[in-house]
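Number of protein chains: 2
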Amino acid sequence: MSTAEVPVTSDDQAEHADSPGYTQPVVDVEALGLLLDGRYHEIRQLVRDNLAEHAGILVDAEELSRADFRERVKDVVVQMAGTGQTGMGFPEEYGGGADIGASVAAFETMGFGDLSVLVKIGVQFGLFGGAILQLGTKRHHDAHLRDLISGRTMGCFAMTEFGHGSNVQALGTTATYDADTQEFVIHTPDDASRKDYIGNSAVHGELAVVFAQLEVAGESHGVHALVVPLRKDGQVVDGVRIEDCGRKMGLNGVDNGHIWFDQVRVPREALLNQFADVTPEGVYESAIENPNRRFFTMLGTLVQGRVCVGGAAINAAKVALAIAVRYADRRRQFEASTDGEETLLLDYGMHQRRLFPLLARTYALHFAQDVVSQQLHDVFSGPGPNEAGGESEQERRKLEARAAGTKALGTWHATETIQECREACGGAGYISENRFDALKADTDVFTTFEGDNHVLLQLVAKGLLTDYSSEFEDMDQFGMVRFVAGIAVETVVERTAVHKLFQSLRDLLPGGDQWDQEAGLLDPNYQLAMLRFREEHMLAGVARRLKRGIDEGLNPGDVFSRVQDHVIATARAHTERLVLEAFVARAAELEDGDLKVALNLLCDLYALTTIETDRGWFMEHGRLSSARSKAISREVNDLCRKIRPIAVDLVDAFGVPPEMLRAADLVGGPGRDAVS
Amino acid sequence: MSTAEVPVTSDDQAEHADSPGYTQPVVDVEALGLLLDGRYHEIRQLVRDNLAEHAGILVDAEELSRADFRERVKDVVVQMAGTGQTGMGFPEEYGGGADIGASVAAFETMGFGDLSVLVKIGVQFGLFGGAILQLGTKRHHDAHLRDLISGRTMGCFAMTEFGHGSNVQALGTTATYDADTQEFVIHTPDDASRKDYIGNSAVHGELAVVFAQLEVAGESHGVHALVVPLRKDGQVVDGVRIEDCGRKMGLNGVDNGHIWFDQVRVPREALLNQFADVTPEGVYESAIENPNRRFFTMLGTLVQGRVCVGGAAINAAKVALAIAVRYADRRRQFEASTDGEETLLLDYGMHQRRLFPLLARTYALHFAQDVVSQQLHDVFSGPGPNEAGGESEQERRKLEARAAGTKALGTWHATETIQECREACGGAGYISENRFDALKADTDVFTTFEGDNHVLLQLVAKGLLTDYSSEFEDMDQFGMVRFVAGIAVETVVERTAVHKLFQSLRDLLPGGDQWDQEAGLLDPNYQLAMLRFREEHMLAGVARRLKRGIDEGLNPGDVFSRVQDHVIATARAHTERLVLEAFVARAAELEDGDLKVALNLLCDLYALTTIETDRGWFMEHGRLSSARSKAISREVNDLCRKIRPIAVDLVDAFGVPPEMLRAADLVGGPGRDAVS
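Next comes the structure, spelled out in C-alpha cells:
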C-alpha cells in the first residue's frame with residue numbers, strides 16, 4: 001500500500017479542529033481498538049490471551065535467579081509456540097501459518113509483555129528460523145523447520161563479532177572448504193572475531209547459523225551462512241567454546257554468549273545455499289555474480305527482524321503511555337485556588353505537553369508501521385530475489401530503507417517515551433512493580449541491535465541519494481560519497497519521489513508561493529508540504545556538500561565525516577515524512593464521525609509538533625515566519641487541551657492486557673474497570 | 001562568588017578559536033584535574049581512595065541478593081564514615097569536619113562510584129543528620145549527632161507520603177500534643193498518608209525524623225519535624241508498621257520502605273525545636289509568626305540535599321563520558337577509502353556531535369555547581385535564619401532557587417548523557433560490566449527525588465517573578481499567579497537582575513541594535529547577551545500572559561496551566577544563563593595558555609549549542625538571522641573538530657578512579673595506561 005499518492009481533498013479538513021463545525025469527539029474505545037488492530041485483530045488477540053496467561057513472568061523476571069529466569073523464559077516461548085503464535089511466518093507444510101504479516105503482528109503484540117520472551121522469540125523464530133528459511137533450501141527446511149517452529153530445537157544467529165557489529169561485511173570468522181573431506185572448517189582466527197552477544201547461545205542453543213568468510217580453493221567469496229552444531233545432548237561440542245555474556249542491563253531471560261570456533265568441521269551441505277553453493281569438487285557457484293550484491297541480498301533477509309523490532313518498540317511505548325496517562329488522570333498534586341481540591345496532573349498544561357505529543361507520535365508510528373509491515377508481507381509473499389527481476393529488487397531496497405527508518409524512529413521513540421512516562425509518574429515510577437524498570441532496561445538495546453540506528457539512517461540516506469540504483473549494494477559510505485559527487489546535484493534531487501510529489505503539490509496548495517502564509521495549520525496538505533520541502537531541501541544540501549568536498553580535494557572519509565550530521569538529519573526527515581503520510585492517509589480513509597475527529601486531532605498534533613521541533617530549520621530556510629512559528633506552538637497547546645478529555649480512551653484503545661499493567665498504585669489495580 | 005558582575009573584556013577573546021593566533025592546545029591532564037577539583041582537592045582524593053578500596057561493591061551490586069547487598073552497602077557506608085569523609089558538614093565538637101563545602105565536594109565525588117552507597121550516605125548524613133542539625137537544638141545534637149556521624153545510629157527522613165510527594169505542605173500524618181503526658185502522638189490517618197519510599201527504613205533505620213501536621217490544643221500549626229524511634233534492638237517498635245518497597249529500578253542497596261504510625265507516643269522533647277516549640281503546658285511558640293514562612297524556612301534546610309544530588313549527577317555523567325570517549329578513540333568501524341584501515345568512531349562527525357556538546361555541558365555544569373556549592377557554604381556557615389535579618393533571608397531564597405535550577409539541569413543532563421553514551425557504545429554498552437546498566441538505573445530517580453525537576457523549575461520561576469519578595473514563601477503557584485497579575489509587567493522585569501545586566505551590556509556590545517549581526521560568535525559577551533535577552537524576554541512574556549489570563553477572568557489554576565510551559569522554559573533559560581556565566585567567569589580568570597584555550601573551546605561549544613538548540617526561539621524573536629543561525633551550526637561542527645584531538649585528555653582530567661571504569665572491553669582494561 002503506497003500512501004504517498006493519496007492527495008487529501010479539502011473536504012477532509014471539515015473534520016479538523018479549526019473548522020467551525022468542530023465538536024469534541026466521544027471515543028468508542030472498542031471501535032478504535034479494532035481500527036488499530038486492523039486485519040490481524042485475531043492473531044493479536046491470541047497473543048494478548050497468551051500474555052495474560054503467562055503474566056506471572058513479569059514477577060518472575062524480578063524474583064528468579066538469572067539461570068532460573070532463562071529456563072522460565074524458554075518454557076514460555078515453547079508454550080507460546082504450541083499455540084501457533086510464533087510460527088505464522090513459516091510455510092504450512094512445516095506447521096507454519098504462511099502469513100508474514102500475521103507473524104509481524106504477533107511479534108509486535110508481544111511488545112506489551114515481558115521482553116525477554118519477545119527477544120527469545122525473535123532470535124529463535126525470526127533470526128535463526130528466518131535464516132534457515134530464507135537463506136537455506138529444501139534440504140535445510142526439511143531438516144530443521146518443523147523442530148525449530150515447535151521450539152524442540154533451539155538455535156542462534158551468529159553474525160555479530162567483537163570487532164564488527166555494524167560493518168558485518170568485514171567479519172573475521174572463516175569457513176574454509178576442504179574438498180578432500182567435503183567439509184567446511186569453521187574457525188575464529190582472533191579474539192576480535194569471536195561471535196559476540198549471540199542470543200540463545202549461552203545455555204539453550206543447539207544449532208547456530210554462523211556467518212563467516214567463505215574460502216574455497218584459496219579464494220575468498222565474502223560472508224556466507226552455515227548451520228553449525230553448538231551442543232549435542234546439552235553438551236557443547238568439541239572445538240566450540242562458549243562464554244556467558246553475564247548480566248546485562250535488561251533482557252536477562254535471554255542467554256547471550258560469546259562463541260569461538262577452533263577448526264570446527266561441518267559437512268558441505270551445512271552451507272545455506274539459496275544464493276550460492278559449493279560443489280563437492282570445490283567449485284563456487286552463485287546466480288548473483290557481484291559479491292557485494294550477493295552479500296546484501298543475503299543481508300536483506302534481515303529486514304523482517306527490523307520491521308519486528310520497530311513494531312515491538314512502538315507497543316512497549318504504548319504500555320508506558322497507558323500507565324502514565326491513567327496515573328495522571330487520578331493523581332492530584334497542589335491545590336487549585338477555586339474548589340479546595342488538588343489539581344489532577346493531567347489538567348496541568350505542562351503535563352499535557354509532556355505526554356500528548358508522545359501519544360500522537362505513537363499513533364503516527366503505529367500506522368507507519370502498518371504500512372511497512374504490509375510492504376514486507378507483499379514483497380516476501382512474492383517471488384524470491386533469485387527469481388524476480390530488477391524492479392522487484394528495487395522494491396526490496398526501498399523496503400529495506402523504509403524498515404530501517406521506521407525501526408530507528410520507533411526504537412528511539414520508545415526510549416524517549418518510556419523515560420518521559422517514568423518521570424511523569426515520579427517516585428512511584430521507580431518501583432519495579434510499576435513496570436518502567438523492565439520497560440526501560442529491556443528496550444534500551446533496541447536502538448543499537450538489529451542495526452544501530454545511526455547506521456540504519458545512513459542506509460536510508462544512501463538509498464535516497466542513489467535512488468536505490470543498481471550500484472546501491474556495491475557502495476560503502478565512501479563509495480556513496482564518490483558516486484554522489486560524480487553526478488549533478490539536480491539529478492540526485494530530481495529523481496527522488498519527494499521531488500515529483502512536491503512539484504505536483506505546489507500547484508495544489510493555496511496561495512502559490514505564499515502557501516506557507518495562507519494555508520491553515522491544520523490542513524494536512526500544508527503539513528505534508530512542509531515535511532516534503534524539508535526533505536527535498538536537505539537532500540539537495542547533502543548532495544551539494546558531498547560534491548563540494550570532493551571537488552575541493554578532500555578524501556571521501558573526511559567529506560563523509562563532515563556531512564554526516566546532515567546525512568542523518570535527511571534520513572530522519574525522510575522517515576518523518578513517510579510517517580505523516582501514513583497517518584494522514586489512514587485518517588482520510590475513515591468515514592466521517594467522532595473516530596475520525598479524534599484521529600485528526602492526533603494527526604495534527606504529530607504533524608505540528610514535528611514541525612515545531614524543527615522550527616529552527618524551517619525558519620532558517622524561509623519556510624516559516626516568526627508569527628507562524630509562534631502560532632504553531634499555540635495550536636499545539638490548543639490541540640493538547642482538546643485531547644485531554646479523551647486521553648484515557650486513547651490509551652485504553654491500545655488494548656494493553658490489564659495483566660500487563662501491574663502498576664496497582666499507579667493505575668488503580670489490575671484492570672481498566674478499577675480506574676474508570 | 002557572584003559571577004554575574006564580571007564583564008568579560010575583549011582581551012579574553014584572543015584565546016578563542018576564531019582569533020588569528022589560535023593554535024591547537026596541548027592539555028596537561030594533571031593540571032586540568034587540579035583545576036576541576038579546586039579547593040577541595042584533598043577531600044576529593046580521599047573519596048577517590050575510598051572508592052578504589054571498596055571497588056568490589058560494583059560487582060557485588062550485580063551478584064549479591066538484595067538483602068545481602070543492602071548489608072554490604074551499609075558496611076561500606078560505615079567504613080567510609082570512619083575515614084571522616086561523610087561527617088564534613090557537622091560541627092567539630094561532635095566529630096565532624098565543620099566544612100559544608102567539603103561535605104558537598106565529598107558527596108559529589110561519590111558520584112563516580114556505586115550510587116546506592118551515595119544515596120545511603122545522602123539519607124543518613126544529609127537528610128537525617130541534616131534535619132537533626134538544622135531543625136534540632138542542642139538537646140538533639142547532644143543526643144544524636146555523634147552516633148549518627150559515626151554510623152552507629154542509622155536514621156530516616158520521613159517526609160514524602162503516598163498522597164503527597166511534591167506538595168509536602170499538605171501531608172496527612174499528624175503529631176498531636178497530649179499535655180497530660182507531655183507527649184506527641186504520631187498517627188497515620190489513612191493510606192494516602194503512609195510515609196512512602198523512605199530510605200533506610202525497610203531494614204536499618206532506628207530513628208526517623210518524621211514530618212507531620214502539628215496539632216496543639218485543637219489547633220493545627222502546619223508541618224513540623226519530630227524524632228521518632230522506629231526500631232529497638234533491631235525490632236520494629238509497637239505502633240509502627242513498615243513494609244519493604246521491594247525491588248526498584250536501581251539503588252537496590254538502599255532499603256526503602258513504607259511506614260504507618262498508629263498512635264505512637266514520643267516525648268515533648270522529640271520535637272525538633274529550632275524554629276518552633278511547644279511548652280510543657282501545651283502552648284505553641286515560634287519566632288516566625290507566619291506559618292507559611294515557618295514551613296518554608298524549615299524546608300529550606302533541604303537545599304543542601306539538592307546541591308549534593310546535582311553535583312553527584314554531574315559526576316555520574318563524567319563516568320559515562322569517560323567510557324564512551326575512550327571507547328570511541330579505540331573502536332574502529334567501516335573502512336575509510338584511503339588507507340585500508342577502518343575509521344575510529346571518534347573521527348566521525350556525527351559521533352563528535354553526539355558526545356562533545358555533552359562533554360562541554362558537563363564542564364559548564366561542573367563550574368556552575370562550584371558556584372552554588374560555594375554559595376551554600378557561605379550561607380550555611382553564616383548566621384542561621386533565626387538570627388539573620390531580611391537580606392540574609394533573601395540570599396537564602398536565591399540560593400534555594402539556584403540550587404533548584406542546577407539540580408534540575410544537572411540531573412536531566414546525567415540522564416541524557418548516560419543514555420547517549422550507552423548508545424554510542426553499541427551492544428557493549430548493554431553489558432552490565434561496562435557500567436551503563438548501573439549508571440542508568442541508579443541515576444534515573446535523581447530527576448524526580450529531592451524535588452521533582454519540574455516542580456523545582458517552578459520554584460525558580462516563582463523567585464524570578466516575585467523577585468524573592470517577602471511574600472515568596474506564602475505563595476503557592478496560584479497565589480503567585482495572582483501576585484504577578486496584580487503588578488505591572490514592567491515591574492516584574494525591571495527588578496530582575498538580568499534586566500539590569502542586560503541594559504549595561506547593551507552599550508558594551510558592538511554595533512548597537514545590530515549587535516547580533518556584528519559580534520563574533522565566539523565572543524562570550526555575545527553569547528551571554530543572547531542568553532540574557534532570552535531570559536528577560538521570556539520572563540516578561542510569562543508576566544504578560546499571567547496578567548492577561550486573570551484580566552480575562554480565568555481562574556488562577558487555568559491561567560497557570562496554560563502558561564506553565566512558558567514558566568518552565570523561563571526557569572530553564574535563567575539557569576542556563578547562570579551556568580554560562582559561571583563557565584565564562586572561570587575561564588576568564590585563568591592565565592593565558594593551553595588550559596585556557598582548551599576551556600574556551602568547551603565554553604564556546606556549550607554556549608553555541610545552547611543557542612543552537614533554541615535557535616527557533618531566537619529567530620522567532622528577531623535575535624538571530626537565518627544566515628547567522630546556520631553559521632552557528634557550522635561553528636559547532638568546527639569546535640567539535642578542534643576538541644577531537646584533546647577529547648581523551650578532557651575526560652581523563654575528571655579523575656574518575658580507574659577502578660570505577662570497569663569496562664575492560666570498552667576502555668582497554670583497568671586504568672588509563674592500558675589505553676594511552
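Quick mapping for you: the protein sequence lines, in order, are chains U and Z.
No gaps in the numbering here: position 406 of the first sequence is 406 in UniProt numbering, and each next residue is one more.
No gaps in the numbering here: position 82 of the second sequence is 82 in UniProt numbering, and each next residue is one more.
Note that CB positions come from ideal geometry on N, CA and C, so glycine has one too.
As the structure is a computational prediction, the values presented were derived from the model and not from experiment.
**Asked** What is the DSSP secondary structure of T343 of chain Z, reduced to helix, strand or coil?
**Response** If DSSP states are grouped into helix, strand and coil, T343 of chain Z belongs with the strands.
**Asked** At a CB-CB cut-off below 7 Å, which residues of chain Z make contact with Y430 of chain U?
**Response** In chain order: K248, M249, D444 and V445.
**Prompt:** Does K232 of chain U come within less than 7 Å of chain Z when only Cβ atoms are used?
**Reply:** Taking Cβ atoms only, chain Z never reaches closer than 7 Å to K232 of chain U, which makes this a no.
**Request:** List the residues of chain Z whose Cβ lies closer than 8 Å to the Cβ of F436 of chain U, in chain order.
**Result:** Near F436 of chain U (Cβ distances below 8 Å), the residues of chain Z are M249.
**Asked** What residues in its chain sit with their C-beta under 7 Å from that of G33 of chain U, if we drop five residues either side in the sequence?
**Response** Counting only Cβ-Cβ distances below 7 Å, and skipping sequence neighbours, we find A653 and G655.
**Prompt:** Can the beta-carbon of L661 of chain U be found less than 7 Å from the beta-carbon of I323 of chain U?
**Reply:** Between L661 of chain U and I323 of chain U, the C-beta spacing is below 7 Å.
**Asked** Which class does D507 of chain U belong to by DSSP, given the choice of helix, strand or coil?
**Response** Caution applies to D507 of chain U, whose pLDDT of 49 falls short of 50 and renders its modelled position unreliable; the value that the coordinates give is listed next. Helix at D507 of chain U.
**Asked** Of all Cβ atoms in chain U, is any one closer than 7 Å to the Cβ of I611 of chain Z?
**Response** False, the Cβ-Cβ gap to chain U never drops below 7 Å.
**Request:** With DSSP as the reference, label P291 of chain U as helix, strand or coil.
**Result:** DSSP places P291 of chain U in the helix class (H, G or I) of the three-state scheme.
**Request:** Measure from the alpha carbon of M298 of chain U to the alpha carbon of each residue in U:T23, U:W617 and U:L271, then state which is nearest.
**Result:** Ranking the options by Cα distance to M298 of chain U, first place goes to U:L271.
**Request:** Indicate whether residue 695 of chain U and S629 of chain Z have their beta-carbon atoms separated by less than 7 Å.
**Result:** Because residue 695 of chain U is not part of the residues shown, which for chain U are 1 to 676, the question remains open.
**Asked** For the beta strand (DSSP E) that C156 of chain Z lies in, which residues bound it at each end?
**Response** Counting along the chain, the beta strand (DSSP E) containing C156 of chain Z begins and ends at G155 to A158.
**Request:** Return the first residue and the last residue of the alpha helix (DSSP H) that H366 of chain Z is part of.
**Result:** Looking at the DSSP string, the run of the alpha helix (DSSP H) that includes H366 of chain Z is G349 to S381.
**Item:** Min CB distance G305 of chain U to chain Z below 7 Å
**Value:** By this cut-off, G305 of chain U is not an interface position.
**Asked** What does DSSP give as the partner residues of T176 of chain Z in its beta bridges?
**Response** Beta-bridge pairing links T176 of chain Z to Z:V185 and Z:E215.
**Asked** Would you say G257 of chain U faces chain Z, with C-beta separation under 7 Å as the test?
**Response** For G257 of chain U, the answer is no, since every Cβ of chain Z falls outside 7 Å of its Cβ.
**Item:** Contained alpha helix (DSSP H) runs [length at least 4] in the segment 102-127 of chain Z, N- to C-terminal order
**Value:** Runs found: 115-121.
**Request:** Report the three-state DSSP secondary structure of E206 of chain Z (helix, strand or coil).
**Result:** Coil at E206 of chain Z, not helix or strand.
**Item:** Proximity test, Cβ basis, 7 Å: S201 of chain U and chain A
**Value:** In summary, chain A is missing from the structure at hand, where the protein chains are U and Z.
**Asked** Under a Cβ-count criterion, where at least 16 other Cβ atoms within 10 Å of its own Cβ denotes burial, should S381 of chain Z be classed as buried or exposed?
**Response** Result: exposed.
**Message:** Rounded to the nearest angstrom, what separates C308 of chain U and L36 of chain U at their Cα positions?
**Reply:** Distance between the alpha carbons of C308 of chain U and L36 of chain U is about 17 Å.
**Prompt:** Can you tell me where the beta strand (DSSP E) with G257 of chain Z in it begins and where it stops?
**Reply:** DSSP places G257 of chain Z in the uninterrupted beta strand (DSSP E) bounded by G257 to F261.
**Interfacial residues, the segment 50-83 of chain U to chain Z, with Cβ spacing under 7 Å** = Taking a C-beta cut-off of 7 Å against chain Z, the contacting residues of the segment 50-83 of chain U are E62, listed in chain order.
**Item:** Contacts of D452 of chain U in chain Z (Cβ-Cβ under 7 Å)
**Value:** Going along chain Z in sequence order, the residues near D452 of chain U (Cβ under 7 Å) are G426.
**Message:** Quick check on this structure: which residue in U:L115, U:G113, U:T86 and U:D551 has the alpha carbon closest to the alpha carbon of A102 of chain U?
**Reply:** Comparing Cα-Cα distances from A102 of chain U to each of U:L115, U:G113, U:T86 and U:D551, the minimum goes to U:T86.
**Range of the contiguous beta strand (DSSP E) that encloses Y197 of chain Z** = Taken as a continuous stretch (DSSP letters only), the beta strand (DSSP E) holding Y197 of chain Z covers K195 to I198.
**Asked** If you measure beta-carbon to beta-carbon, which residues of the segment 165-184 of chain U are closer than 8 Å to chain Z?
**Response** Flagged, chain order: G165, S166, N167 and A170.
**Request:** For chain Z, find out if any of its Cβ atoms is closer than 7 Å to the Cβ of F211 of chain U; answer yes or no.
**Result:** Chain Z contact via Cβ: absent.
**Message:** By alpha-carbon positions, which one of U:H351, U:D370, U:H566 and U:K462 ends up nearest to A401 of chain U?
**Reply:** Ranking U:H351, U:D370, U:H566 and U:K462 by CA distance to the CA of A401 of chain U puts U:K462 first.
**Item:** For R241 of chain Z, the first and last residue of its enclosing alpha helix (DSSP H)
**Value:** Where R241 of chain Z is concerned, there is no enclosing alpha helix (DSSP H), although the beta strand (DSSP E) it sits in stretches over V240 to D244.
**Request:** Using a Cβ-Cβ cut-off of 7 Å, state whether F334 of chain U counts as contacting chain Z.
**Result:** Judged by the 7 Å Cβ criterion, F334 of chain U is in contact with chain Z.
**Request:** Indicate whether at least one CB of chain Z lies closer than 7 Å to the CB of M619 of chain U.
**Result:** For M619 of chain U, the closest Cβ of chain Z is nearer than 7 Å.
**Request:** Can you pull the chain Z residues whose beta carbon is under 7 Å from the beta carbon of Q477 of chain U, in chain order?
**Result:** Per Cβ cutoff of 7 Å: F334.
**Whole alpha helix (DSSP H) elements within the segment 430-481 of chain Z, 4-residue minimum** = As summarised for the segment 430-481 of chain Z, the continuous alpha helix (DSSP H) elements at least 4 residues long and confined to that stretch are 436-443 and 453-466, given in chain order.
**Alpha carbon of A179 of chain U to alpha carbon of K138 of chain U, nearest angstrom** = Cα to Cα, A179 of chain U sits roughly 23 Å from K138 of chain U.
**Asked** In chain U, which residues lie less than 9 Å from A441 of chain Z when you measure between Cβ atoms?
**Response** Within chain U, the residues placing a beta-carbon under 9 Å from that of A441 of chain Z are M249, D437, K440 and A441, ordered along the chain.
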